[in-house]
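Residue 387 is where the sequence shown ends in the numbering used here, and the numbering goes up by one at each step. Shown next, in structure tokens, is the structure this report addresses.
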Amino acid sequence: ESALAAYIQLSADDCEKPKPSASWMFSAIAEDPDFLAPIKAFKRQLLERLKGETDDLGSLLICFLAIEGLRSMNLFDSDVLSAEEHKLLVSSLLKIAG
Numbered sequence: 290e291s292a293l294a295a296y297i298q299l300s301a302d303d304c305e306k307p308k309p310s311a312s313w314m315f316s317a318i319a320e321d322p323d324f325l326a327p328i329k330a331f332k333r334q335l336l337e338r339l340k341g342e343t344d345d346l347g348s349l350l351i352c353f354l355a356i357e358g359l360r361s362m363n364l365f366d367s368d369v370l371s372a373e374e375h376k377l378l379v380s381s382l383l384k385i386a387g
């Protein structure tokens, strides 16, 4: 299994777990603009690692951004996908990942 496929599967599994809304995050960002700096740095490191393991940057970016979209919908309690659509998205991303 590729690192990208593992990232997709682990992230999709995590997004299926119910979590409380993180709307408080907007207040935290307003008070401290650097609040998200560690998260941004981690995601950048992750993206660089995944880039190092693929020759298809376009497919990687599509998968990475789709997963980040799932995470954002989950984080802010704004998921608009049905369970069937979520499953289709994950299986499609796994096909792209190879």
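Even for Gly, the Cβ is constructed at its ideal location relative to N, Cα and C. The model shown is predicted, which means the values in this text are computed figures rather than measured ones.
Following the DSSP letters along the chain, one finds VAL379 inside the alpha helix (DSSP H) bounded by residues 372 to 386. Excluding sequence positions up to five before and after LEU383, its CB lies within less than 8 Å of the CB of ALA294, ILE297, GLN298, all in the same chain and listed in chain order. Taking ILE318 as the centre and dropping the five residues before and after it, the same chain places the C-beta of PHE324 closer than 6 Å to its C-beta, in chain order. Looking at PRO322, SER310, MET362, VAL369, the one whose alpha-carbon comes closest to that of SER300 is MET362. In this structure, DSSP gives GLU342 a state outside helix and strand, which the three-state scheme calls coil.
In this structure the region 358 to 374 does not lie against the region 323 to 340, because fewer than three pairs of beta carbons, one per stretch, are closer than 8 Å. The beta carbon of LEU336 is closer than 7 Å to those of PHE353 in its chain, skipping five residues each way along the sequence.
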